[in-house]
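In numbering that gives the first Met the number 0, the protein residues as written are 0 to 210.
Don't be surprised by glycine CBs; every beta carbon is placed ideally from N, CA and C.
This report concerns only the one structure given below.
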Amino acid sequence: MNNLSLSQQYLLFTMNRQGKISSLNYYVGMCLVMAGLLDLQKANVLELNNKEVILLSNELPEDLQYLDCLLEKITGLKKKRIEAIANAYGTTFFEKDIKQLVSQIRDSLIEAEEVSIKKDSHALDYIAKEETVAKLVFRLENMNPLDRDGLTLAILLKKSSILKKYIEKENRKILEAKIREAKNEPVSKQTNTMISQLDWLVGAMATITIV
């Protein structure tokens with residue numbers, strides 16, 4: 000699990016055996032987009048300043064080439080804001096844009112030997128490396144207050160309702176208390192902004208469908 004990015008770690012937790020993410024839980028995809036944004040910020044490709052997204056470079060480091068589709072999407076936006084990115088992905092949810100992002104991150108995990116492919120007579124199974132997932136779970140269960148990267152992963156997993164799948168109730172209570180203490184952290188506020196926009200989009204699409 001050496002040097003796995005936030006988006007790679009997040010996908011290990013959320014990818015099913017078909018190599019996809021849930022089509023029922025919209026928040027999983029939106030939090031994956033947020034993880035990608037944070038990876039780009041860490042690499043000094045962009046800066047998240049409250050709700051603004053400030054591009055610092057049009058070039059990706061070699062180890063983040065799998066996020067080129069996300070950078071291209073951001074570059075093409077007239078208004079580079081978190082809400083605009085949520086709109087861009089939310090209006091085409093689980094269509095080509097989000098599928099491409101999942102596919103490229105998944106392929107990077109296969110290349111890093113963190114995901115293996117098992118063939119059967121009907122389909123391909125994508126299997127996350129159990130040892131890596133176990134190490135990540137242990138990190139979350141025993142998180143140091145100074146582990147900002149671990150906290151960020153925990154926030155995204157909590158926002159997308161994934162924590163309960165991997166962490167037992169008592170340990171989850173302790174971790175969620177740490178997450179609540181970090182409610183004023185930029186990543187928590189920025190993720191809330193993106194999810195609030197998604198809530199609005201889902202409501203708007205439901206209204207259109209009813210009409």
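Of the residues the options, the one placed nearest residue i, counting alpha carbons only
i       : options                           : result
Asn-191 : Ala-127, Thr-151, Leu-135         : Thr-151
Tyr-165 : Asp-106, Phe-137, Asp-124         : Phe-137
Leu-36  : Glu-82, Ala-133, Glu-167          : Glu-82
Leu-156 : Leu-139, Glu-169, Val-52          : Leu-139
Asn-49  : Trp-199, Val-186, Leu-76          : Val-186
Asn-15  : Thr-131, Val-101, Ala-181, Cys-30 : Val-101
Boundaries of the beta strand (DSSP E) in which residue i is found, first to last residue
i       : result
Asn-170 : Not the beta strand (DSSP E): Asn-170 falls in the alpha helix (DSSP H), residues 168-180.
Ile-154 : Looking at the DSSP string, Ile-154 is not in any beta strand (DSSP E); the run it does join, the alpha helix (DSSP H), is 147-158.
Ser-115 : 114-118
Boundaries of the alpha helix (DSSP H) in which residue i is found, first to last residue
i       : result
Tyr-125 : That residue, Tyr-125, is in no alpha helix (DSSP H); its beta strand (DSSP E) goes 123-127.
Ser-102 : 95-110
Leu-162 : 162-165
Residue i in three-state terms, based on DSSP
i       : result
Met-204 : Model confidence at Met-204 stands at a pLDDT of 49, short of 50, so the residue's coordinates are unreliable and nothing is read from them.
Pro-185 : helix
Met-193 : helix
Asp-139 : Note on residue identity: the sequence assigns Leu, not Asp, to residue 139. Here Leu-139 sits in helix by DSSP.
Asn-86  : helix
Leu-3   : coil
Inter-residue spacing [alpha-carbon to alpha-carbon] between residue i and residue j
i       : j       : result
Leu-55  : Asn-43  : 7 Å
Lys-95  : Glu-71  : 14 Å
Ile-173 : Gly-149 : 14 Å
Runs of beta strand (DSSP E) lying entirely within the stretch 9-81, each at least 3 residues, in chain order: Within the stretch 9-81, the complete beta strand (DSSP E) runs of at least 3 residues fall at 45-48, 51-54.
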